[in-house]
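A.B. asks: Below is a structure I'd like to ask you about.
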Amino acid sequence: MANILRDPRQHPEAVVGDFTHPDPVRTFTLDDVAFTYGGRFKQRYFTKRGDDYFPLPAQWDVAKKKWLPYHVEAGTDWWVPFYGPANFDRPTGPTCDGCHSVNYDVRTKQVTEWNVGCEKCHGPGSAHVAHATKANIVNPGTLDFVRANDVCIQCHSQGRPLHNPIEGRYFDWPVGFTAGERLADYWQLEETKFGTTNFFQYADVTSHKNRMQGNDFVQSTMYHRQLRCFDCHEVHSSAVSSLPVSGNALCLACHTKENPAGLRGTVSEHTHHAAKSAGSQCTACHMPRIEQTIKDNYVAAHTFRFITPDETEKSGIPNPCTSCHKDKSNGWAREELAKWTSTSPWRVAQ
Ligand code: HEC
Ligand code: HEC
Ligand code: HEC
Ligand code: HEC
Ligand code: HEC
Ligand code: HEC
Ligand code: HEC
């Protein structure tokens, strides 16, 4: 994973937003910026007041190369009612920094390191540095699947601490949790409500916003079968999405004909598209990009569920068929799916 939090004085190359041309949306200059945050989809900016940081009121849309306002609106994040309305009423300590640093101390407001450092996934490491043994460091690779996934879910989820406020403030990250423990002892995932579409979820409880891979993945049969996030992601790598291989090769490494989890026939027999078609990419149907990270920019769902045309009609959640075949109706997709003998019409064409 990349280091997304940078001091622009030390790392001017990290600044992706346009600070040279005036823009009515951007009401601050680079001199006000203590940290830049992100840069893949969006970049946000923090300024320092006293010993707290605060988000500045504009963000850079990387794809569209333009400034957008940045303000967490009422009716979005659960913590909004507990803070004043202005960005300067909302320090980043309780609302952001726990996931973007190592060892954020809720009393002293100090961190040992910004960004996703080793200790966030491997637990405290000073004893290990002094005298390295396998026993004095957490290796997520040898934890049980719940604890192993919890290492990732501590940051890649929406939820709230079991007990809030802490030190008088409302925290949006699992205060006190360290890798190797059970996250459920500190944190509850955002409550799912079937049939409701809101900021966090679609009606079928697929996540609606980004950074909810954990909320999604725990719903998947792959999680139930004890897969871990890092069975697919190579987290020490800085490849796009930290994927070790691109395209269907990742999925087909396990989903072989020989494997009980595998496809029964060829890829084409499963997808009903030519093998090289965009309609034969596993991610196109099982990881549709429907979770919003910034306006008009979406990341991949991690429930791995196939969303049916019928669900689109019932609740508006986009299905992969008519998202790609934009000129076709849900009725068309349902009729096509009803012809497939590789899957049951009871499940996908009702
Ligand atoms: C519960 C943990 C958590 C909290 C709290 C959190 N983040 Fe993040 N943030 C993440 C994770 C994980 C990512 C990685 C990308 C993703 O999954 O969306 C991320 C990514 C980002 C990015 C980079 C996106 C990009 O395009 O490169 C920015 C900017 C960001 N967060 C800002 C914030 C701000 C501002 C706050 C506070 C208002 C905040 N985060 C609170 C976990 C968190
Ligand atoms: C985002 C989480 C994360 C971060 C940050 C991280 N690691 Fe890891 N690390 C893992 C996971 C997960 C594994 C197990 C991977 C596997 O088995 O596929 C691992 C495995 C390892 C291993 C191999 C252990 C073994 O004996 O097999 C070493 C060594 C290691 N990490 C060192 C580091 C160092 C040093 C850093 C900081 C520079 C670091 N890691 C940062 C998640 C992380
Ligand atoms: C079965 C494989 C698999 C598992 C398990 C998996 N992912 Fe992913 N993940 C992917 C693929 C493939 C992509 C790229 C999707 C795309 O861009 O079309 C991806 C993308 C991502 C991204 C980039 C942003 C996005 O959502 O597109 C993040 C962050 C991420 N995964 C985190 C996680 C976390 C955290 C877990 C565990 C809770 C997890 N993943 C489990 C396969 C997997
Ligand atoms: C301390 C919080 C934290 C933890 C723990 C964490 N992540 Fe992340 N993750 C982030 C942030 C922040 C980013 C955004 C980095 C960026 O934009 O490059 C990110 C980005 C990613 C990405 C996308 C990389 C890309 O292309 O930008 C993947 C995939 C991912 N994380 C998987 C994992 C997995 C798997 C684990 C568990 C082994 C894990 N993360 C643990 C905070 C965390
Ligand atoms: C490390 C092995 C592994 C990898 C890699 C993998 N899978 Fe799986 N997958 C499994 C297992 C095991 C199951 C569970 C099969 C069962 O018990 O019925 C499964 C089940 C599934 C299911 C059934 C429904 C569900 O809720 O999970 C889908 C869909 C699926 N995988 C899609 C994918 C896609 C898409 C990819 C690539 C992004 C992928 N898998 C990568 C092992 C893997
Ligand atoms: C064009 C859409 C589409 C593509 C592309 C696609 N699938 Fe599927 N997949 C489906 C549908 C539809 C189902 C049935 C879902 C259900 O019954 O709930 C399904 C079901 C599955 C299942 C559950 C067991 C089974 O065979 O029914 C697995 C595993 C799976 N897909 C893996 C994959 C893998 C791996 C790829 C990439 C090689 C892939 N899929 C590509 C549409 C697709
Ligand atoms: C990521 C894009 C994508 C997705 C998702 C997708 N398709 Fe396609 N589909 C294509 C493309 C491209 C073609 C053109 C022929 C080819 O490449 O196979 C096509 C061709 C077809 C055709 C034959 C030509 C036609 O237009 O009549 C049918 C039928 C079809 N798709 C049905 C579906 C159904 C049903 C689903 C959902 C299960 C689906 N597709 C999902 C991209 C997609």
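Take 1242 as the starting number for the sequence shown in my numbering and just add one per residue. All residues carry an ideal CB built from backbone N, CA and C; glycine is no exception. Just so you know, these numbers come straight off a predicted model, no measurement behind them.
(1) Quick one: Cα of H1596 to Cα of T1544, how far?
(2) Bridge partners of W1355, per DSSP?
(3) H1527: beta carbon under 6 Å from a heavy atom of ligand 5?
(4) My output table needs one value for I1394: the three-state DSSP class, helix, strand or coil.
(5) Is L1468 helix, strand or coil by DSSP?
(6) Does the beta-carbon distance from A1255 to N1538 come in below 7 Å?
(7) Going by beta-carbon coordinates alone, are F1276 and F1287 separated by less than 7 Å?
(8) Is the distance from the Cβ of P1296 to the Cβ of N1244 below 7 Å?
(9) Name, in chain order, the residues that DSSP records as bridge partners for P1296.
(10) Grouping DSSP H, G and I as helix and E and B as strand, with all else coil, what is P1550?
(11) Assess, as a yes-or-no matter, whether the stretch 1314 to 1332 is touched by the stretch 1406 to 1421 under the definition of 3 or more beta carbon pairs within less than 8 Å.
(12) With the cut-off set at 7 Å, would you say R1285 and Q1300 are in Cβ contact?
(13) Where do the ends of the alpha helix (DSSP H) carrying T1534 lie?
(14) Alpha carbon to alpha carbon, how far is D1292 from Y1278?
(15) Less than 7 Å between the C-beta atoms of C1473 and C1393, yes or no?
(16) The alpha helix (DSSP H) that contains W1587, what's its start and end?
(17) Specify the secondary structure class of L1424 as computed by DSSP and reduced to three states.
(18) According to DSSP, simplified to helix, strand and coil, what is D1445?
(19) Three or more beta-carbon pairs under 8 Å between the stretch 1442 to 1449 and the stretch 1497 to 1506, yes or no?
C.D. replies: From the atom records:
(1) One cannot answer for residue 1596 here, as it falls past the ends of the chain, which runs 1242 to 1591.
(2) S1342
(3) yes
(4) helix
(5) coil
(6) no
(7) yes
(8) no
(9) F1287
(10) helix
(11) yes
(12) yes
(13) Counting along the chain, T1534 falls outside any alpha helix (DSSP H), though it belongs to the beta strand (DSSP E) covering R1530 to I1535.
(14) 18 Å
(15) no
(16) P1586 to V1589
(17) helix
(18) coil
(19) no
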